[in-house]
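Asker:
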Amino acid sequence: MFRQDKPAAATQPPKPTRELLAAASKTAHKEKKNIFIHFGASWCGWCHLFEKVIAIPTVKALLDENYVMVELVAMENGPKKSLENAGSNEFMAAMGGAKSGLPFFVFQDASGKKLADSNVMPGNQNMGCPAAPEEIVAFGELLKKTAPRLSEAQRKTILDEFTKAAPKR
74 MFRQDKPAAA
84 TQPPKPTREL
94 LAAASKTAHK
104 EKKNIFIHFG
114 ASWCGWCHLF
124 EKVIAIPTVK
134 ALLDENYVMV
144 ELVAMENGPK
154 KSLENAGSNE
164 FMAAMGGAKS
174 GLPFFVFQDA
184 SGKKLADSNV
194 MPGNQNMGCP
204 AAPEEIVAFG
214 ELLKKTAPRL
224 SEAQRKTILD
234 EFTKAAPKR
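Residues 74 to 242 (the numbering used here) are what the sequence shown spells out, left to right.
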């Protein structure tokens, strides 16, 4: 996964968005995959839940098999501003996430052409972390559209983990 270094590298600033996307594009071309870019922030509880689910070994393996994954930190404030990947807020806005909230995600082909984003709920609203049944269904449709090699059973495995992780209502 292309991402900023975690706290162990706190003395170094996070890699710029442009650099991470260029590396992801190169890998995506080589591996014939699409790119799954997700934006999050340290203060965002839904981002932490999303990251927790996509780190589950079975989910991570399926996503890595089908996408080049890119994590970008955006929308930080105050002393946490230094956690941001330079250019992440501007890139998020350019991809349709200026008013979406977090987590926000975008799918691109290897050339950087946008295939889809998480603004798929009624009124073009961001689904954020798929937790409600209708969000999980919508996330499944995004996976179907952007990861054509992902089987129905594999997609169900991913969606089941989001269902299990969803806060109980």
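The beta carbon of each residue, even a glycine, is placed where N, CA and C say it ideally should be.
For clarity, every value in this text was computed on a predicted model and none was experimentally measured.
With a threshold of 8 Å on Cβ separation, who are the neighbours of Val-132 within its own chain once the five nearest residues in sequence on each side are excluded?
Answerer: Correct list, in chain order: Val-126, Thr-230, Ile-231 and Glu-234.
Asker: Any idea what DSSP makes of Gly-201, helix, strand or coil?
Answerer: In this structure, Gly-201 counts as coil in the three-state DSSP scheme.
Asker: In whole angstroms, what separates the C-alpha of Arg-222 from that of Ala-134?
Answerer: Computed Cα separation, rounded: 13 Å.
Asker: Since Lys-187 is in the beta strand (DSSP E), which residue starts that stretch and which ends it?
Answerer: Unbroken beta strand (DSSP E) run through Lys-187: 187-190.
Asker: Could I get the ranges of all uninterrupted beta strand (DSSP E) runs contained in the segment 109-191, with 3 residues as the minimum, in chain order?
Answerer: Here the runs fully enclosed are 140-146, 177-181 and 187-190.
Asker: Determine, using beta carbons only, whether Lys-217 and Ala-189 come nearer to each other than 8 Å.
Answerer: No, they are not a contact pair.
Asker: Would you say the segment 177-196 touches the segment 154-169, given that touching needs at least three Cβ pairs under 8 Å?
Answerer: These segments touch.
Asker: Excluding five sequence neighbours on each side, which residues of the same chain lie with their C-beta closer than 6 Å to the C-beta of Asn-162?
Answerer: Taken in chain order, the residues that qualify are Ala-147.
Asker: Relative to the C-alpha of Phe-109, which residue among Gly-213, Ala-220 and Ala-226 is closest?
Answerer: The residue with the shortest Cα to Cα distance from Phe-109 is Ala-220.
Asker: For the segment 200-207 against the segment 135-155, do three or more pairs of beta-carbon atoms, one drawn from each stretch, fall closer than 8 Å, so that the two count as touching?
Answerer: Result no; under three Cβ-Cβ pairs closer than 8 Å.
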